[in-house]
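Below: one structure, written as structure tokens.
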Amino acid sequence: MDPQIFDKTDQYIADLFVEDDVALRTTLESVEKNNIPNISISATQGKLLQVLAKACNAKRILELGTLVGYSTIWLARSIPDDGALITIEYEEKHVALARQNINNAGLTHKVEIRTGKALDILPKLEQENAGPFDLIFIDADKPPYLEYFNWAIRLSRPGSIIVADNVIRAGKVLDPNSEDEAVKGVQRLNNFLAVCKEVTATIIQTVGTKEHDGMVIAFVNGK
Ligand code: SAH
Ligand code: DHB
Ligand code: MG
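Its first residue numbered 15, the sequence shown is counted upward by one per residue in the working numbering.
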């Protein structure tokens, strides 16, 4: 098999379904120029998030892990002008770049960046009655993924969709004895989801321009 086949196919899908876009291109350039880790979602994954947001008629979105705002832009574009997206990020450098990129994309009116640790901000959102969110995208640090997911359930409603990125980690999740804290974190979430009655969930493998990985897609059941 052509070792490039997944990459080429991802490009084929992007050519079909992703329009060339200055704001998104500038955002990815800001990753390169500022020595930021190259861990934004891919274009085809951005399009998938848009499809999911539209499928649940999302008006309110919560994101954990902004980086420089690439996934934020995809998600914010999927909600109406009177919708709102809250995104949580604790690195000041990332927040500053994200602000620029989101502004450059003309989305500042829909996006609120909350600076701080996700586990500090999530209880505040609950106190503020900021929810329920229609779609929640979990993409911050991996060890507390189960805690993040439980917060996502609390801040959702029946019918919400919860997505969690990077839950396959190039197949490293197959090793039950892994000592990698990120792998252990996502395994804990995946094993919980296998028995959780509050959601209907699965994982799709993601391959292509990014390393082999996967996304949890979960539908919040009626309570
Ligand atoms: N969603 C982005 C990529 C996020 S990368 C995209 O696809 O474009 C993960 C981000 O989470 C990084 O910017 C990192 O600084 C941030 N992060 C990691 N741990 C965090 C925490 N505990 N609280 C808030 N942000 C965190
Ligand atoms: C990592 C984090 C991500 O959000 C991602 O998409 C890829 C890798 C990481 O921390 O390794
Ligand atoms: Mg990710």
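From the three backbone atoms N, C-alpha and C, an ideal C-beta is built for every residue, glycine too.
Of Val230, Gly79 and His123, the smallest CA-CA separation from Pro51 is found for Gly79. Straight-line spacing of the CA atoms in Ile127 and Ser92 works out to 17 Å. When the alpha-carbon of Pro137 is set against those of Pro157, Arg113 and Leu169, the nearest one is in Leu169. The segment 110-117 and the segment 163-183 do not touch, with fewer than 3 CB-CB distances between them shorter than 8 Å.
Within the segment 184-225, the complete alpha helix (DSSP H) runs of at least 4 residues fall at 195-209. Between the beta-carbon of Ile152 and that of Asp189 there is about 22 Å, and that puts the pair past the 8 Å contact cut.
Relative to Asn49, the option among Glu225, Thr220 and Leu111 whose CA is nearest is Leu111.
Annotation for Glu126: the continuous beta strand (DSSP E) segment containing it runs Val125 to Thr129. Listed as beta-bridge partners of Phe151 by DSSP are Glu77 and Val177. Counting only runs of 4+ residues, the alpha helix (DSSP H) found wholly inside the segment 69-116 occupies 84-90, in chain order.
Annotation for Ile231: no alpha helix (DSSP H) segment contains it, though the beta strand (DSSP E) segment containing it runs Asp227 to Val234.
Note that the segment 58-78 touches the segment 140-155; at least 3 beta-carbon pairs, one per stretch, sit closer than 8 Å.
A contact is defined here as three or more CB-CB pairs under 8 Å, and the segment 197-212 fails this definition with respect to the segment 92-103. With respect to Asn191, Thr214 sits apart: the two C-beta atoms are not nearer than 7 Å. Remark: C-beta atoms of Glu142 and Ala184 do not approach each other more closely than 7 Å.
Gly60 and Pro94 have their C-alpha atoms roughly 17 Å apart.
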